[in-house]
Every structure is written in C-alpha cells, then in structure tokens.
Amino acid sequence: MSAHVQIQGGNLKTEVSQPSENLLCVEITDKGIDPALAAGYKSKFAVRQKSFEMKMTSERIQTTNQIYLVETDTEIIDLKDGSNNSAGTMIII
370 MSAHVQIQGG NLKTEVSQPS ENLLCVEITD KGIDPALAAG YKSKFAVRQK SFEMKMTSER
430 IQTTNQIYLV ETDTEIIDLK DGSNNSAGTM III
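For the sequence shown, the working numbering gives the first residue as 370, with consecutive numbering after it.
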C-alpha cells in the first residue's frame with residue numbers, strides 16, 4: 370500500500386508493506402522544499418526545533434515499545450541528488 374501527497378512547497382510519499390507475518394514496514398519520503406527556499410529558513414531555531422522533534426519521536430517510539438511489548442526500529446536517511454546536494458529525507462520504521 371502506498372500514498373503520494375503533494376503539498377505546496379513539498380512532496381511526501383508514504384509506503385506501507387508487510388514483509389512477513391509479524392513485521393510491518395513504513396517508509397516516509399519527504400522530498401523537502403526547494404534548496405534556495407530552504408536556505409532562507411536556516412536558523413538556530415530550526416536546528417533546535419528539528420532536534421526537539423527527533424527527541425520527542427524517539428520517546429514516543431520507546432513508549433509504544435513498552436506498552437505493546439514490541440520492538441520498533443527506525444532509520445533516518447538523508448537523500449542526496451546526483452550532485453550530492455540535499456534531496457530530502459527518508460524515514461523507515
């Protein structure tokens with residue numbers, strides 16, 4: 370199952386698969402925004418906000434693992450284009 374959503378200034382793709390009976394895989398790919406536009410948003414606040422969001426997400430996953438007695442792994446991949454420029458982020462859960 371997959372979904373592709375295009376939002377003004379961004380592009381988000383979600384794929385859900387079940388590789389085995391007891392395993393669910395969710396891939397979220399965010400192509401981000403135009404690099405020139407992103408440069409205008411760079412600030413210390415943005416870096417702190419991203420770090421805070423990652424910490425909160427990690428804590429939520431840990432809580433879910435404890436409540437449901439499951440093991441959830443996450444992988445965050447910075448996507449690059451052919452010129453090694455940032456091309457978005459992929460998160461695999």
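All C-beta atoms in this analysis are idealised placements derived from N, C-alpha and C, irrespective of residue type, glycine included. Fair warning: this is a prediction, and the values are worked out from it, not measured in the lab.
*If you run the structure through DSSP and keep just helix, strand and coil, what is Ser420?*
Within the sequence shown, the letter at position 51 stands for residue 420. Looking at Ser420 - three-state DSSP - the assignment turns out to be helix.
*Enumerate in chain order the residues of its own chain whose CB-to-CB distance from Ile397 is below 6 Å, with the five nearest sequence positions on each side excluded.*
Position 28 of the sequence shown, counting from 1, holds the residue named residue 397. Answer for Ile397: Thr383 and Ile460, listed in chain order.
*How close, in whole Å, do the beta carbons of Ala401 and Gly457 come, if the pair is a contact with beta carbons under 8 Å?*
By 1-based counting over the sequence shown, the position of residue 401 is 32. By 1-based counting over the sequence shown, the position of residue 457 is 88. For the record, residue 401 in the displayed sequence is Gly; it is not Ala. Going by Cβ atoms, the distance from Gly401 to Gly457 rounds to 4 Å, so yes, they are a contact pair.
*asked:* My output table needs one value for Ser427: the three-state DSSP class, helix, strand or coil.
replied: The residue given as residue 427 occupies position 58 in the sequence shown. Helix, per DSSP.
*Cys394 versus Asp442, Met425, Leu448 and Leu381, residue with shortest Cα-Cα distance*: Numbered from 1 along the sequence shown, position 25 holds the residue referred to as residue 394. Here the closest residue by C-alpha is Asp442.
*Using a threshold of 7 Å, is the CB atom of Met459 nearer than that to any non-hydrogen atom of the ligand PLP?*
The ligand PLP is absent from the structure shown, which contains no ligand whatsoever.
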